[in-house]
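Residue numbers 17 to 347, in my numbering, belong to the letters of the sequence shown in order.
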Amino acid sequence: MRIALLSALLLTATAAHAQESIVVNGSFEEPQVGAAYNIYPTITGWRTVSGPGVEVQSNSVGWSAVAGIQMVELDSTAPSSIAQALTTRSGGVYELSVSFSPRPTVADNRIGVYWNGQQVAVLDASGVGSSNANWQRFTYRVTATGTTTELSFADLSGADALGGLIDDVKVIPAEELWLDSQSAAPVSSKRVLEKGKTYRITMQGTYTVWGGNINAGTRSLPPEAAPMFPSPKGATRNVGADAEFIFAWSKDHVLEKNPAPAPLRNTIIQVSLDGGKTWKHPATPDAFSAKEHKYTYELMGDGKALQVRINDKPLSDNFGRLQIFLLPGGA
17 MRIALLSALL
27 LTATAAHAQE
37 SIVVNGSFEE
47 PQVGAAYNIY
57 PTITGWRTVS
67 GPGVEVQSNS
77 VGWSAVAGIQ
87 MVELDSTAPS
97 SIAQALTTRS
107 GGVYELSVSF
117 SPRPTVADNR
127 IGVYWNGQQV
137 AVLDASGVGS
147 SNANWQRFTY
157 RVTATGTTTE
167 LSFADLSGAD
177 ALGGLIDDVK
187 VIPAEELWLD
197 SQSAAPVSSK
207 RVLEKGKTYR
217 ITMQGTYTVW
227 GGNINAGTRS
237 LPPEAAPMFP
247 SPKGATRNVG
257 ADAEFIFAWS
267 KDHVLEKNPA
277 PAPLRNTIIQ
287 VSLDGGKTWK
297 HPATPDAFSA
307 KEHKYTYELM
317 GDGKALQVRI
327 NDKPLSDNFG
337 RLQIFLLPGG
347 A
């Protein structure tokens, strides 16, 4: 068994990939307004939850959409909310993104963003002094808890028939990979990470690199009773490592001689962005989390698929898997 401790390693990073959004009519191009604006009880993909309806505006209203030629204002003749039921995978991770602009000349433009009824964010900015839309992109990571998830937006400003604008709504599913600590073979993403573009990966899980149960040493933290995600083969036993740290080891292990107490940086989980030519641990400044064991890294694509491996010998005494999500990057 070999463990490499991190001294100073930082992998440059960040995210994007053109993948199909599961949102229908996310840029509000249907129906075609044919005028400056119109108010509808429903439009393709969207329904009104509260208020007078969905106000769809075209570029001829006096300001421009960010995607296509139409956008939505949620304070039509009164504050309104709209929703769309998305087909999702229970436990699946998604990237929710939306472009938001304050209405020009208007101070109060608050819009709530909701995922299955839970508020994700409140978008807000002043349009005072502006004559055109000032679009900003907002991106959030969300998790589905069922096979149908409701995405909704609600105007939270005053009832003055003037409010914020939204456009280019997207929900993109993360690609999910599983790395078994018992396997020497790297796992690879289906998508190619475009050269020079940035991507975000999240790793979560715990594993062990010792054959027997851990009898904690004086510098070790308590081992956890079982991995978050067990390997398909082998007996379940307690664990002391995750993607970033070794947090538990046996009292007779060489790590007991290390002057630093647990947790210790761990670099045996490695990624390659160049087709397996080079491998590095994607260092993170995140603090150790004994509860979640979850770490997010930003990586720059090199025109190849993402590969992840465990660089440890022998592998026969390992047990536990890491769950890995790959998503477009950015804030």
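Just so it is clear, CB atoms sit at the ideal spot from N, CA and C, and this is done for glycine as well.
{"Query": "From Phe341 to Ala190, what distance separates their C-alpha atoms?", "Result": "6 Å"}
{"Query": "Going by other Cβ atoms of all chains shown within 10 Å of its Cβ, with 16 needed for buried, is Glu36 buried or exposed?", "Result": "exposed"}
{"Query": "Which residues bound the beta strand (DSSP E) around Asn54?", "Result": "53-56"}
{"Query": "Only counting the same chain, and skipping five residues up and downstream in sequence, which positions put a Cβ closer than 6 Å to that of Met244?", "Result": "Gly221, Thr222"}
{"Query": "Tell me which residues share the same chain as Asn254 and place their Cβ nearer than 8 Å to its Cβ, disregarding the 5 neighbours each side in the sequence.", "Result": "Thr224, Asn229, Ile230, Pro239, Glu240, Ala241, Ala242, Ala264"}
{"Query": "Skipping 5 residues on each side, what residues in its chain have a beta carbon closer than 7 Å to that of Val72?", "Result": "Phe44, Val49, Tyr53, Asn54, Tyr56, Ile59, Gln86, Val88"}
{"Query": "With C-beta atoms as the reference, is Asp333 less than 8 Å away from Gly227?", "Result": "yes"}
{"Query": "Looking at the structure shown, is Lys307 part of a helix, part of a strand, or coil, going by DSSP?", "Result": "coil"}
{"Query": "Kindly give me the distance between the Cβ atoms of Arg216 and Gly179, rounded to whole angstroms, as I take these residues to be in contact under 8 Å.", "Result": "No, Arg216 and Gly179 are not in contact; Cβ-Cβ is about 31 Å, not under 8 Å."}
{"Query": "Take Asp290 as the anchor and find which of Ser92, Ser115, Val324 has the nearest alpha-carbon.", "Result": "Val324"}
{"Query": "Beta-carbon separation of Asp124 and Ala177 under 8 Å?", "Result": "no"}
{"Query": "Taking the straight line between their C-alpha atoms, what separation do you get for Asn327 and Ala278?", "Result": "21 Å"}
{"Query": "Hey, Tyr156 and Val136 are a contact pair by Cβ (cut 8 Å); roughly how many whole angstroms apart?", "Result": "5 Å"}
{"Query": "Could you pull the start and end residues of the beta strand (DSSP E) that Phe44 belongs to?", "Result": "Per DSSP, Phe44 belongs to no beta strand (DSSP E) and is neither H nor E."}
{"Query": "Taking 7 Å as the cut-off, is the CB of Gln73 close to at least one heavy atom of the ligand GDP?", "Result": "Among the components of this structure there are no ligands whatsoever, and the ligand GDP is therefore not found."}
{"Query": "Just to confirm before moving on: does the CB-CB distance between His269 and Thr283 stay below 8 Å?", "Result": "no"}
{"Query": "Excluding sequence positions up to five away, which residues of its chain have a Cβ less than 6 Å from the Cβ of Gly319?", "Result": "Lys211"}
{"Query": "How many whole angstroms separate the CB atoms of Tyr311 and Ala259, which I take to be in contact at a CB cut-off of 8 Å?", "Result": "5 Å"}
{"Query": "First and last residue of the beta strand (DSSP E) that includes Asp196?", "Result": "191-196"}
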